[in-house]
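Those letters in the sequence shown? Residues 48 to 335, per the numbering used here, in order.
The structure appears below as structure tokens.
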Amino acid sequence: MKKIAVILWNFLAFSLAENSALANTSTASLDHGNGNGNAKKLTLEFVLASEQTKDNNTSEVNGTYNKLDVSALYSLAPDDELRLFSSALYIAQDDPAAEDQLRGDLVELMYRRKNLLNESDHGVRLEAELKYYQLIDSETKTLYGFDGAFIPQLIFTKYLTDSFLTEFKARHHFNNVTNDRASTLKRETRLYLTPTYVLTRSLFLSTTLKYQHKTRNGDYYSYRTSSFSPKSTDHVTAHPGLMYLINRQFLIEGYAETEFLTSNDHQTFKENWEKNYVLGTALYWTAF
């Protein structure tokens with residue numbers, strides 16, 4: 048079963064950039080190989096995901112958020128990798144009067160150092176990543192108030208049994224802020240905990256819990272919550288998913304996602320869960 052789990056994580060070995068609604072899928076960083084233990088020099092991977100969107104006022108589903116990720120991972124040495132990542136968005140609106148959106152999302156360069164710790168010697172696997180991404184769309188840059196970010200990240204992976212593994216990620220976003228609006232996100236700390244259970248040779252159950260501590264330029268009025276928000280806020284999101292491994296190249300996932308805790312919105316757990324939950328699906332393809 049442990050070999051099957053490794054194959055699963057090979058599919059999810061690059062991040063979904065984690066700057067959008069589709070960016071919470073669990074990602075570990077195990078070796079890319081050809082199934083015989085031999086590492087590949089270059090790996091090309093794609094993720095196509097589609098997720099419901101909701102109206103902020105009514106919480107009714109009003110469209111779909113579609114995202115295509117492309118990642119080229121190059122092995123510099125057995126424990127050193129470079130990745131070039133890009134993504135594009137297509138937002139479809141149910142309202143005929145609303146205009147659909149198609150735009151580039153971001154481009155990212157990442158360096159990864161593997162096996163800083165390993166399970167056989169230290170009981171846990173540790174990797175480190177340094178990433179920088181640049182937003183593509185000019186309107187998005189204006190809306191967000193920053194045009195990119197530098198992100199250091201640590202990734203811990205542990206097999207508790209042959210069929211049960213867990214991953215913990217800690218990362219910090221240093222945003223390249225371009226204005227002084229109070230609402231502009233200046234920096235952000237994220238923590239991810241992802242337990243995964245291998246049900247069968249092809250079926251996997253995984254849940255990601257994401258904690259975010261966001262720091263903006265100042266206190267501001269939030270149109271999402273219709274109230275004033277403090278400079279610093281905390282958020283917790285749950286992302287349970289069921290994954291099916293078709294073969295060594297293709298994997299599909301169905302998932303639900305909801306932000307069930309926001310520190311300043313004066314909502315109960317139940318209210319947040321019902322208001323924010325959406326359903327989505329993703330297809331992973333390792334081209335080579």
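Just so you know, even glycine gets a beta-carbon here, dropped at the ideal spot from N, CA and C.
Delimiting residues of the beta strand (DSSP E) encompassing D152: D152 -> beta strand (DSSP E) spans Q148 to L164.
Run of the beta strand (DSSP E) containing T262, from where it starts to where it stops: L250 to R263
Assigned secondary structure, N311 (DSSP; H/G/I helix, E/B strand, else coil): coil
8 angstroms Cβ shell around R27 - same chain, five flanking residues per side excluded: This structure leaves residue 27 out entirely; the chain is present only between 48 and 335.
Touch test, the region 103–112 against the region 86–94, Cβ-Cβ under 8 angstroms, three pairs minimum: no
Simplified DSSP assignment, three categories, for F335: Coil at F335, not helix or strand.
F275, buried or exposed, once every other Cβ within 10 Å from all chains shown has been counted against 16: exposed
Cβ-based burial, R295 [other Cβ within 10 Å; buried from 16]: exposed
Whole-number beta carbon distance between H220 and I198, since they are thought to touch under 8 angstroms: 5 angstroms
Under 8 angstroms between C-beta atoms of A329 and A96: In contact: A329 and A96 (Cβ atoms closer than 8 angstroms).
Own chain partners of T105 with C-beta closer than 6 angstroms, once the 5 adjacent residues on each side are dropped: none
Span of the alpha helix (DSSP H), counted from its first residue to its last, around N223: That residue, N223, is in no alpha helix (DSSP H); its beta strand (DSSP E) goes F211 to V224.
CB contact flag (A285, L256, <8 angstroms): Result yes, Cβ atoms of A285 and L256 sit closer than 8 angstroms.
8 angstroms Cβ shell around F316 - same chain, five flanking residues per side excluded: Counting only Cβ-Cβ distances below 8 angstroms, and skipping sequence neighbours, we find F307 and L308.
Beta carbon of Q259 nearer than 8 angstroms to that of E235: In this structure, E235 lies closer than 8 angstroms to Q259 by Cβ.
Buried or exposed by the 16-neighbour rule on C-beta atoms within 10 Å, applied to R172: buried
Where S167 sits in the DSSP three-state scheme: helix
Status (buried if at least 16 other CB within 10 Å, exposed otherwise) for S134: Here S134 is buried, its C-beta having at least 16 other C-beta atoms within 10 Å.
Backbone CA spacing between Y206 and N165 [nearest angstrom]: 11 angstroms
Inter-residue spacing [alpha-carbon to alpha-carbon] between L246 and L298: 15 angstroms
Beta-carbon spacing of R150, L136 below 8 angstroms: Their beta carbons are under 8 angstroms apart, which means R150 touches L136 by this criterion.
Sub-8 angstroms separation of L292 and S253 beta-carbons: no
Terminal residues of the alpha helix (DSSP H) in which E107 lies: Taken as a continuous stretch (DSSP letters only), E107 belongs to no alpha helix (DSSP H), as it is neither H nor E.
Residue range of the alpha helix (DSSP H) that includes S185: S185 to Y191
Under the three-state DSSP convention, the category N113 falls into: strand
Opposing strand residues paired with I299 [DSSP bridges]: Y291 and L330
Residue of T243, S118 and E174 minimising C-alpha distance to D209: T243
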